[in-house]
Amino acid sequence: MVSVFLRLLNDFPGLLSVTTNRYHTFDLAVKIRVSLAVKYVALEHDHSRELWRRQLVEQECGEQITDDHLDTPAKHDLNGRQIVHILGVATAVAQFENGELVMSHIEVAIKASEDEAEEGKHEDQY
15 MVSVFLRLLN
25 DFPGLLSVTT
35 NRYHTFDLAV
45 KIRVSLAVKY
55 VALEHDHSRE
65 LWRRQLVEQE
75 CGEQITDDHL
85 DTPAKHDLNG
95 RQIVHILGVA
105 TAVAQFENGE
115 LVMSHIEVAI
125 KASEDEAEEG
135 KHEDQY
(Lines of atoms letter the chains of each structure in order from A and count residues from 1; the text may use other names and numbers.)
(Lines give C-alpha, C1' and ligand atoms only; values in the text may rest on other atoms or scores of the structure.)
Protein backbone atom coordinates (compact mmCIF):
# COMPACT_ATOMS: atom_id res chain seq x y z
CA MET A 1 0.00 0.00 0.00
CA VAL A 2 2.81 2.40 0.86
CA SER A 3 4.58 1.73 -2.45
CA VAL A 4 1.42 2.61 -4.41
CA PHE A 5 0.99 5.81 -2.40
CA LEU A 6 4.65 6.74 -2.94
CA ARG A 7 4.38 6.22 -6.69
CA LEU A 8 1.28 8.42 -6.83
CA LEU A 9 2.96 11.00 -4.60
CA ASN A 10 6.04 11.16 -6.82
CA ASP A 11 3.92 11.64 -9.95
CA PHE A 12 1.50 14.14 -8.40
CA PRO A 13 1.86 17.46 -10.27
CA GLY A 14 0.23 19.73 -7.70
CA LEU A 15 0.23 20.66 -4.05
CA LEU A 16 -1.02 18.04 -1.64
CA SER A 17 -2.15 19.02 1.84
CA VAL A 18 -2.33 16.28 4.44
CA THR A 19 -3.31 16.85 8.05
CA THR A 20 -2.59 14.41 10.83
CA ASN A 21 -1.91 14.27 14.51
CA ARG A 22 0.10 11.07 14.02
CA TYR A 23 3.00 12.35 11.88
CA HIS A 24 5.47 10.43 14.04
CA THR A 25 3.93 7.15 12.80
CA PHE A 26 4.42 7.94 9.10
CA ASP A 27 6.69 5.63 7.13
CA LEU A 28 10.15 7.19 6.61
CA ALA A 29 9.73 6.94 2.83
CA VAL A 30 6.65 9.17 3.10
CA LYS A 31 8.31 11.61 5.52
CA ILE A 32 11.26 12.31 3.20
CA ARG A 33 8.82 13.38 0.49
CA VAL A 34 7.21 16.02 2.71
CA SER A 35 8.38 19.48 1.69
CA LEU A 36 6.86 21.36 4.60
CA ALA A 37 5.49 20.10 7.89
CA VAL A 38 3.62 22.62 10.01
CA LYS A 39 3.12 21.87 13.68
CA TYR A 40 0.31 23.52 15.56
CA VAL A 41 1.47 24.66 18.97
CA ALA A 42 -0.52 25.32 22.11
CA LEU A 43 -1.84 28.83 22.46
CA GLU A 44 -1.07 31.24 25.27
CA HIS A 45 -3.88 31.51 27.83
CA ASP A 46 -5.27 34.83 26.54
CA HIS A 47 -5.21 33.67 22.91
CA SER A 48 -6.81 30.37 23.85
CA ARG A 49 -9.56 32.16 25.78
CA GLU A 50 -10.24 34.47 22.83
CA LEU A 51 -10.39 31.56 20.38
CA TRP A 52 -12.87 29.74 22.63
CA ARG A 53 -14.99 32.91 22.78
CA ARG A 54 -14.90 33.44 19.02
CA GLN A 55 -15.77 29.83 18.24
CA LEU A 56 -18.69 29.89 20.66
CA VAL A 57 -20.03 33.06 19.04
CA GLU A 58 -19.43 31.77 15.49
CA GLN A 59 -21.23 28.50 16.16
CA GLU A 60 -24.03 30.35 17.97
CA CYS A 61 -23.57 28.18 21.02
CA GLY A 62 -25.89 28.62 23.94
CA GLU A 63 -26.39 31.45 26.32
CA GLN A 64 -25.35 29.14 29.16
CA ILE A 65 -21.65 29.74 28.54
CA THR A 66 -20.43 33.23 29.35
CA ASP A 67 -17.01 34.86 29.16
CA ASP A 68 -16.59 34.05 32.86
CA HIS A 69 -16.61 30.33 32.01
CA LEU A 70 -13.82 30.53 29.43
CA ASP A 71 -10.89 30.42 31.85
CA THR A 72 -11.55 26.73 32.52
CA PRO A 73 -11.10 25.41 28.96
CA ALA A 74 -8.38 27.99 28.22
CA LYS A 75 -6.17 26.42 30.92
CA HIS A 76 -5.65 23.31 28.79
CA ASP A 77 -2.71 23.16 26.36
CA LEU A 78 -4.71 23.02 23.15
CA ASN A 79 -4.07 24.37 19.69
CA GLY A 80 -6.70 26.03 17.53
CA ARG A 81 -7.53 22.88 15.58
CA GLN A 82 -8.09 20.94 18.80
CA ILE A 83 -10.35 23.67 20.19
CA VAL A 84 -12.53 23.62 17.07
CA HIS A 85 -12.77 19.81 17.17
CA ILE A 86 -13.53 19.73 20.91
CA LEU A 87 -16.27 22.30 20.49
CA GLY A 88 -17.74 20.24 17.64
CA VAL A 89 -17.82 17.13 19.83
CA ALA A 90 -19.32 19.04 22.76
CA THR A 91 -22.00 20.53 20.50
CA ALA A 92 -22.87 17.10 19.10
CA VAL A 93 -23.22 15.67 22.61
CA ALA A 94 -25.47 18.58 23.61
CA GLN A 95 -27.65 18.04 20.54
CA PHE A 96 -27.81 14.30 21.25
CA GLU A 97 -29.05 15.10 24.74
CA ASN A 98 -31.60 17.52 23.22
CA GLY A 99 -30.18 20.31 25.27
CA GLU A 100 -28.22 23.50 25.05
CA LEU A 101 -24.44 23.44 25.16
CA VAL A 102 -23.14 23.86 28.70
CA MET A 103 -19.64 23.79 30.21
CA SER A 104 -19.97 20.15 31.27
CA HIS A 105 -20.24 19.16 27.59
CA ILE A 106 -17.01 21.02 26.83
CA GLU A 107 -15.26 19.53 29.86
CA VAL A 108 -16.23 15.98 28.80
CA ALA A 109 -14.98 16.63 25.25
CA ILE A 110 -11.67 18.04 26.55
CA LYS A 111 -11.19 15.00 28.80
CA ALA A 112 -11.91 12.62 25.90
CA SER A 113 -9.46 14.51 23.68
CA GLU A 114 -6.72 14.43 26.32
CA ASP A 115 -7.32 10.71 26.98
CA GLU A 116 -7.08 9.96 23.26
CA ALA A 117 -3.88 12.01 22.96
CA GLU A 118 -2.38 10.11 25.89
CA GLU A 119 -3.28 6.77 24.27
CA GLY A 120 -1.67 7.95 21.03
CA LYS A 121 1.64 8.41 22.84
CA HIS A 122 1.67 4.71 23.67
CA GLU A 123 0.31 3.51 20.34
CA ASP A 124 3.48 1.60 19.47
CA GLN A 125 2.93 -0.71 22.45
CA TYR A 126 0.06 -2.53 20.72
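Counting from 1 along the sequence shown, just add 14 to a position and that's the residue number in the numbering used here. Backbone N, C-alpha and C define an ideal beta-carbon position, used for all residues, glycine too.
Closest to E128 by CA distance: which of I97, L115, L42 is it? I97
What distance in whole Å lies between the Cβ atoms of L115 and T105, which are believed to be in contact at a cut-off of 8 Å? 6 Å
Less than 8 Å separating the beta-carbons of V141 and V16? No answer is possible for residue 141: it lies beyond the span of the chain, which begins at 15 and ends at 140.
Can you say whether I120 is buried or exposed, counting buried as having 16 or more other CB atoms within 10 angstroms of its CB? buried
Taking only runs of the beta strand (DSSP E) that begin and end inside the segment 55-121, which ones reach a length of at least 3 residues, in chain order? none
So what does DSSP say about T34, is it helix, strand or coil? coil
Opening and closing residue of the alpha helix (DSSP H) in which A143 lies: Here the chain has residues from 15 to 140 only, and residue 143 is not among them.
Under DSSP, the alpha helix (DSSP H) around L154 begins and ends at which residues? The first residue shown for the chain is 15 and the last is 140, placing residue 154 beyond what the model contains.
Counting only the same chain and skipping the five closest in sequence on each side, list residues whose C-beta sits under 7 Å from that of R68. none
DSSP-derived helix/strand/coil call for A126: helix
CB contact flag (G28, L65, <8 Å): no
How many angstroms separate the CA atom of A123 from the CA atom of V107? 9 Å
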